[in-house]
Structures are given as C-alpha cells and as structure tokens.
C-alpha cells in the first residue's frame, strides 16, 4: 500500500514540475499570431476603397472596377453613369494602384528611405512611422526621442508622400464634373493653397496642396 502511495506522489510531483515548466514558457495567442502576420500583408489605402460598389441612380450600363477588401482584389460591377462613390475605377490596374500599398514610380525615392529604422538612444516612447523598403509600406513604430536617422516620420501621410510615392508631383484627387474627369496634380512638399485647373474642361477650382495618402 505504501509503495502504491509513493508511486502516486512521485507521479503527482512529475506532473507539477511539467505544469510549472509549461507556465514559464509563453506561447503566442491566436490574436497575437494574426496581428504579427497581418503586419506584413499589403494594406488597403484609404476609406474609399472600403466602400461597397454603388451603381448609382442612372440607367447606363458601364463596366467599372471596384476594390473588394474581403478578397484584396478588384472586381467588375455595372455603373449607371452618374453618382455612386469613389470606389470605382476604369481598369483593374488603376484599382489596385489606388487601393493597395505598393511602390509608385512617379518620382525618385530618397536613398535614406531604404535605411532600417533606428530607435535612437533616449528613453522616450514617441509614436512615429518609417518606410519598410522590403515590403514597400510605411509602418508604425516607437521612437526614443533623439538620435536615429531620416527614415523617421510624424505620420503615415508624410511617410508615404516621400518614400512610397517618391519625390515629385503625385495625383491626390480625382473628381468628375459633367461626365469629365478632373485630376489634381499636387506636390507633397508644397502646402500652400493654389488654384487647380480642370485639365479636361478648363474649369478652375480652389484646392489645397496637402497630401492625403489614406
């Protein structure tokens, strides 16, 4: 009887030891794994690309493209020819270029956009953004407050306007007037208001040069 009791105690002690070992070893939870994985996936640019396709009230049958955030791809839908929303594009290429984060070749990208993020050497915890040249996206990070390098931005818009799009003019707004498209070409470094000209209809309208990459 004593021998059986001793064996039971020995078995319990082994189980306790293994449980202590398991508690010390921390495994990532499912949400943590998902969070880490999605950090490196292409991200959707702007709220417009999250809108459902809207055919509008008119009765024309024009095949257009919209971005589907569920599949991260562009699909066709029928547009009536008026109204609707901004999630509407002439081609699949235009749709993907507008809605998925990817490098844009409209201008030259500064060499320091390829630098790895440098945390610095102070003890602060400031929210900053940096450009990941391997994944071609801007990512949020923490900055110590001093030191580091030029690959360090106050917000996502600033990071994308300089490193993802590259230097030089980039289109930031497309609207329609009288069935004609108007594209405003804005320099991301120029924040002074000016008058933009409708390149198709010759109609001027007051615009602001501040970029909005999201």
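Numbering (mature numbering (1 follows the signal peptide of the UniProt record, and there is no 0)), first residue to last: -22 to -1, 1 to 192.
Glycine included, each C-beta is placed from N, C-alpha and C at the ideal position.
These figures come from a predicted structure and were not determined experimentally.
When secondary structure is reduced to three states using DSSP, residue 75 falls in the helix class. Using a C-beta cut-off of 8 Å, the stretch 91 to 104 makes no contact with the stretch 61 to 71, since fewer than three inter-stretch Cβ pairs fall below that distance. For residue 120, the CB contacts under 8 Å within the same chain, skipping 5 residues up- and downstream, are 97, 103, 104, 105 and 106 in chain order. Scanning the stretch 110 to 144 for uninterrupted beta strand (DSSP E) segments of 3 residues or longer gives 115 to 121, listed from N- to C-terminal end.
Closest option to residue 110, judged by alpha-carbon separation, among 122, 124, 101 and 130: 130. Annotation: the continuous beta strand (DSSP E) that includes residue 53 extends over 51 to 57.
Across the structure, residue 100 and residue 118 are spaced so that their CA atoms are roughly 18 Å apart. Relative to the Cα of residue 113, the nearest Cα in the group 35, 122 and 141 belongs to 141.
One alpha carbon belongs to residue 128, the other to residue 87, and they sit about 13 Å apart.
By the neighbour-count criterion, in which 16 or more other beta carbons inside 10 Å mark a residue as buried, residue 23 falls on the buried side.
Residue 28 is not a Cβ neighbour of residue 64, given a cutoff of 8 Å. The three-state secondary structure of residue 28, taken from DSSP, is helix. Taking 8 Å as the cut-off, the Cβ atoms of residue 31 and residue 44 count as close.
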